[in-house]
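Novice:
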Amino acid sequence: MTEDLGTYAENTWCPGCGNFGILNAMKKAVEKLEERDIGRERMLISAGIGCHAKIYDYLNLSGLYSIHGREIATIEGMKLANPELKVIGFGGDGDAYGEGLSHLIFAAKRNNDITMIVHNNSSYSLTTGQMSPTSEKGYKGPSTPEGSIEQPLNPLMVMLSSGASFVSRGYAGKIEHLTDLIVEAVEHEGFSLVDVLQPCVVFHDDQYQKYNEAVEILEESAENRYEAMKLTEETERLPIGVFYKEEQPVYHKELYHDLNVVEDKMEQNKRIENVKKLLDKRR
Ligand SMILES: Cc1ncc(C[n+]2csc(CCOP(=O)(O)OP(=O)(O)O)c2C)c(N)n1
Ligand code: SF4
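Each residue of the sequence shown is one higher than the one before, counting from 1 in this note's numbering.
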């Protein structure tokens, strides 16, 4: 039941914020995943810092609050500590595509089996609307009072060129579609990105209208990475759905092979002894 997934925390998002759509989709996705034998006891979440990150407070799931841009490294660690877990990170565009970008690129490159959901509102909203990596040219905020003179980053292109094995885009205004996208991303074995168009009604009061007019559900994914890259460059219409998906060797399997790192964990004393031996060799 999605009601069990709520918490006692007071919701402080602005009325109409796109984050509500992501929260609802996430709750529905957890329900659907449970029907497919991915129970919530196997799910672990983390979030950065920003308006987006409050989703951590509103979801009754286990996890660890991270810091700005570091939720990607946090969920990578969780996965490596226990590969049985399904780990999901929530980031903002400032957080995941700015300070956390190198973590995101390397998680995609090594195909670590994690899911990142990025609440992309094209601004640093919690800190009063400074321009972010995905802000449009001309965007006016406290750090760009005359309007941004830079072109926005294309995060899906960055992910595709980093080797990501699952690249998708959803819209907070299409909750059922976003729910299915999250389910597919979590079920995918390997790195998955769900970039979510998330209207911020305070710093981008035109986003709902723009997205409602331009968003179009993709009928099928691109056949190859290069076709997917072309799709990310479309600006007249904004495709949503899975742009590209492929099977690739997964990081923890390449690293551990048959070792079960939870059951066959080395005793602490033995670990310390081994580290000492290594250090002695270096002297
Ligand atoms: C390491 C670190 N750098 C910067 C900050 C300041 N900071 C907190 S939230 C934030 C912006 C958040 O923007 P975004 O990630 O896009 O999230 P949004 O608020 O838009 O959801 C910044 C710069 C911080 N708390 N920690
Ligand atoms: S400032 Fe923007 S992103 Fe933050 S809660 Fe309000 S509408 Fe949502």
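We put the CB at the ideal spot given by N, CA and C, even for glycine.
Just so it is clear, the structure is predicted and the values come from calculations on it, not from any experiment.
(1) Do Tyr109 and Ser62 have their C-beta atoms within less than 8 Å of each other?
(2) Within its chain, find whatever has a CB closer than 7 Å to the CB of Ala9; leave out the 5 residues flanking it on each side and keep chain order.
(3) Taking only beta-carbon positions, decide if Glu84 is within less than 8 Å of chain B.
(4) Does the beta carbon of Ser143 fall short of 7 Å from some heavy atom of ligand 1?
(5) In the structure shown, what three-state DSSP assignment does Gly77 receive?
(6) With DSSP collapsed to three states, give me the class of Met116.
(7) Considering only the beta carbon of each residue, do Val196 and Gly173 sit closer than 8 Å?
(8) Between Glu189 and the rest of its own chain, which residues show a CB-CB distance below 8 Å, the 5 nearest in sequence each way excluded?
(9) With the cut-off set at 8 Å, would you say Thr179 and Ala29 are in Cβ contact?
(10) Answer yes if the stretch 219 to 226 comes into contact with the stretch 41 to 52, meaning at least three C-beta pairs across the two stretches below 8 Å, and no otherwise.
(11) For Pro239, which residues from the same chain have a beta carbon less than 6 Å from its beta carbon, with the 5 sequence-adjacent residues on both sides left out?
(12) Is Asn120 near ligand 2, judged by its Cβ being under 7 Å from some heavy atom?
(13) Cutting at 6 Å between CB atoms, please list the residues of its own chain near Ala73, excluding the five before and the five after it.
(14) For ligand 2, any of its heavy atoms closer than 7 Å to the Cβ of Val196?
(15) With Arg133 and Gly98 assumed to form a contact (beta carbons below 8 Å), what rounded beta-carbon distance in angstroms separates them?
(16) Could you tell me if Lys27 is buried or exposed, where buried requires 16 or more neighbouring beta carbons within 10 angstroms of its beta carbon?
(17) Is the beta carbon of Val261 closer than 8 Å to that of Leu33?
(18) Pick from His119, Asp4, Arg237 and Met78: whose alpha carbon is nearest that of Arg42?
(19) Let me check one thing: in DSSP terms, what residues is Lys86 bridge-paired to?
(20) If you drop the 5 nearest sequence neighbours on each side, which residues of the same chain put their C-beta closer than 8 Å to that of Leu153?
(21) Could you say which of Glu233, Cys17 and Leu126 lies nearest to Leu156 if we only look at CA atoms?
(22) Can you give me the Cβ contacts of Ser221 inside the same chain, cut-off strictly under 8 Å, excluding the 5 residues immediately before and after it?
(23) Can you tell me the Cβ-Cβ gap for Gly141 and Gly92, rounded? I've got them flagged as a contact below 8 Å.
(24) Tell me whether Asp95 is buried or exposed, calling it buried when 16 or more other Cβ atoms sit within 10 Å of its Cβ.
(25) Between which residues of its own chain and Leu126 is the CB-CB distance below 6 Å, once the five residues before and five after are set aside?
Specialist: The short version:
(1) It is Lys, not Tyr, that sits at residue 109 in the sequence shown. For Lys109 and Ser62, no; Cβs fall outside 8 Å.
(2) For Ala9, where only same-chain residues beyond five positions count, the Cβ hits under 7 Å are Asp57 and Tyr58.
(3) Structure shown: chain B not included; a single protein chain is present.
(4) Not one heavy atom of ligand 1 sits closer than 7 Å to the Cβ of Ser143.
(5) Looking at Gly77 - three-state DSSP - the assignment turns out to be helix.
(6) Met116: strand per DSSP, three-state reduction.
(7) The criterion of a C-beta distance shorter than 8 Å is not satisfied by Val196 and Gly173.
(8) Excluding residues within five positions, the ones whose Cβ falls inside 8 Å are Asp113, Glu247 and Val250.
(9) In contact: Thr179 and Ala29 (Cβ atoms closer than 8 Å).
(10) Counting C-beta pairs closer than 8 Å gives fewer than three between the stretch 41 to 52 and the stretch 219 to 226, which falls short of the contact rule.
(11) Within its own chain, the residues whose Cβ lies closer than 6 Å to the Cβ of Pro239, once the five positions on either side in sequence are excluded, are Glu216, Leu218 and Leu231, listed in chain order.
(12) With a threshold of 7 Å, the Cβ atom of Asn120 does not count as near ligand 2, since no heavy atom of the ligand is closer than that.
(13) In its chain, beyond the 5 residues on either side, His103 have a beta carbon closer than 6 Å to the beta carbon of Ala73.
(14) Not under cutoff, so the answer is no.
(15) The question names Arg, but residue 133 is Pro in the sequence shown. Yes, Pro133 and Gly98 are in contact; Cβ-Cβ is about 5 Å, under 8 Å.
(16) Lys27 is buried by the Cβ-count criterion.
(17) In this structure, Val261 does not lie closer than 8 Å to Leu33 by Cβ.
(18) Ranking His119, Asp4, Arg237 and Met78 by Cα distance to Arg42 puts Met78 first.
(19) Met43.
(20) Here the set comprises Tyr97, Pro133 and Thr134.
(21) For Leu156, the nearest C-alpha among the options comes from Glu233.
(22) Contacts found: Ala228, Gly241, Val242, Phe243, Tyr244 and Lys245.
(23) That belief does not hold up - the Cβ atoms of Gly141 and Gly92 are roughly 14 Å apart, past 8 Å.
(24) Classification of Asp95: buried, given that the 10 Å Cβ count is 16 or more.
(25) Correct list, in chain order: Gly50 and Cys51.
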